[in-house]
Amino acid sequence: MLIREILEKIEEDTLHRAAFLSKNATRPKGDEKDSVRTDFMRDRDRIIHSKAFRRLKHKTQVFFSPNGDHYRTRMTHTLEVSQIARTIAKALLLNESLTEAIALGHDLGHTPFGHAGEKILNEKSRKGFKHWIQSLRVVDVIEKDGVGLNLTNQVRDGILKHSKGRGDIIPKDKAHLAKTLEGQIVRIADIIAYVNHDIDDAIRAGIIKSNSIPKDILDELGHTHAERIATMVKSVISSTQDNNYNFIAMEKEKLQALNALRDFLFENVYLSQKVMSEVNKASKIISDLFDYFMDNPHRIKKHFSEETETVVIDYISGMTDRFALNLYQQIFLPKPWEGSSVSF
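Quick note: the sequence shown uses this note's numbering, first residue 398, plus one each step.
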């Protein structure tokens, strides 16, 4: 019996009946089974070894190209989402490997400069731009020089359904939810992670103070970073058990407080004057780069036989903050003259 088959048998014997078992995983294209790893373990490894994943370390979470070592980047955000999601999945006896793979891949399509870059590409593109759709395109088409990663359909679905913007955290329309409970866990773990670490970073940046957060929110969720995460994680676990695993849930009072905390962050951090002044600068960079490459698509090396706008979107959305900044400088800013000195 292969190690993979033993692992699949352990899942079958120990996981909850609502868990999605690795042995039932499917892929868009045929792929030989591994002798050691389950399909979802392989997906996790393919994501971690991808170029897009490595670039996350230099992509903005909230604060652009931060000089401080302790500000979150898109990669550290991804790792925090993964940790929270795995904790919930393990406690509910759901498939931890599937959950981890979705969490690690959920933001692969994010632009440089975070949501500022996403907003501009959405405005400039005829088809619009959504990072969750681009994340799926990254794993399906762009990675491995146009071959893609051939991830399982269950991981692909979780990546596509993870985002909520300012919409409902747990939508009433189940069409917006991942088909697996593991994918639904990532959707809620994403917001648990970012509202908490963005508070931490905003305090570090001097945008808000710890006592700025409304007391009723803190009383409901917790007064420290660790307390809030623990409260929300435990609420998700107990609520999901209470509804007999019909969907991933959270207690009504905790969910209302989480929504209020997200609203507080939008009003006092994301849309604050200090952050927005940098957003406007970043938006101009992305806008100018888009216009330039639409007029000069030959400057992009790889086209993958796609239409010009798709090529430009793929190229810009894949950039890191510092790559976009350096490229903008090369294209649009004058360079010091390096000719021979003039004698008088």
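We put the beta carbon where it would ideally sit given N, CA and C, even for glycine.
Please report how far the alpha carbon of Asp-718 lies from the alpha carbon of Lys-420, in whole angstroms. When the Cα atoms are used, Asp-718 and Lys-420 turn out to be separated by approximately 40 Å.
Locate the alpha helix (DSSP H) running through Leu-615, then write down its first and last residues. Note, Leu-615: alpha helix (DSSP H), 612 to 618.
Spatial neighbours of Ala-488 in its chain, beta-carbon cut-off 6 Å, leaving aside the 5 residues before and after: So the qualifying residues of the chain are Ile-634.
Can you check whether the CB of Leu-658 is closer than 8 Å to the CB of Ile-614? Yes, Cβ-Cβ distance for Ile-614 and Leu-658 is below 8 Å.
Please classify Phe-460 as buried or exposed, where buried requires at least 16 other C-beta atoms within 10 Å of its C-beta. Taking a 10 Å sphere around the C-beta of Phe-460, we find 16 or more other C-beta atoms and assign the residue as buried.
What separation, rounded to the nearest whole angstrom, lies between the Cα atoms of Ser-714 and Met-398? Approximately 44 Å, taken between the alpha carbons.
Which ranges would you report for the alpha helix (DSSP H) in the stretch 568 to 604 if only whole runs of at least 4 residues count? Runs of the alpha helix (DSSP H) inside the stretch 568 to 604: 578 to 601.
Where does Thr-484 fall in DSSP's three states? In the three-state DSSP reduction, Thr-484 falls in the helix class (H, G or I).
Would you list the residues sitting across from Thr-470 in a DSSP beta bridge? Answer by DSSP bridge pairing, in chain order: Thr-457.
Any non-hydrogen atom of the ligand ZN closer than 7 Å to Ile-634 Cβ: The ligand ZN is not part of the structure shown, which contains no ligands of any sort.
Do the CB positions of Leu-557 and Leu-533 come within less than 8 Å of each other? Cβ distance < 8 Å, so Leu-557 and Leu-533 count as in contact.
What ranges does the alpha helix (DSSP H) occupy inside the stretch 486 to 533, keeping only unbroken runs of at least 4 residues that lie completely in it? Segments of the alpha helix (DSSP H) lying fully in the stretch 486 to 533: 493 to 502, 511 to 521.
Are there 16 or more other CB atoms within 10 angstroms of the CB of Ala-654, so buried, or fewer, so exposed? When all chains shown are included, Ala-654 counts as buried.
I need the straight-line Cα distance from Ile-485 to Ala-415, nearest angstrom please. Between Ile-485 and Ala-415, the C-alpha separation is close to 14 Å.
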